[in-house]
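The number in this note's numbering is simply the position in the sequence shown, starting from 1, with 36 added.
Below is one structure, written out as C-alpha cells, with a few remarks after it.
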Amino acid sequence: MLSYIKIFTYRQSSQTILKIMHDITNQAFLVHKHFTNLLYIKLTLTGCEEEE
C-alpha cells in the first residue's frame, strides 16, 4: 500500500513538473515573440529614418 502511494505521489509530482515546464516554455516563447516584434519595429523605424 505504501509503495502504491509513493508511486502515485511521484507520478503526481512529475505531472506537476511537466506542467510547470510547459507553462515556462509557453511564457518564454511569448516573451521571445514579443521581443522579436519590438526588434522588428525598431529596425523598421531606424530603416525608415535612414532612407529619408
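The C-beta atom is built at its ideal place from N, Cα and C for all residues, glycine as well.
Do you know offhand how far THR72's Cα is from LEU79's?
Residue 72 sits at position 36 when you count from the first residue of the sequence shown. Residue 79 sits at position 43 when you count from the first residue of the sequence shown. Each residue's Cα considered, the two are about 10 Å apart.
Could you give the distance in angstroms between the alpha-carbon of PHE44 and the alpha-carbon of GLN51?
Translated into positions along the sequence shown, residue 44 becomes position 8. Translated into positions along the sequence shown, residue 51 becomes position 15. Each residue's Cα considered, the two are about 11 Å apart.
Spell out whether any CB of chain B is found under 8 Å from the CB atom of ILE56.
The chain inventory of the structure shown lacks chain B, comprising one protein chain alone.
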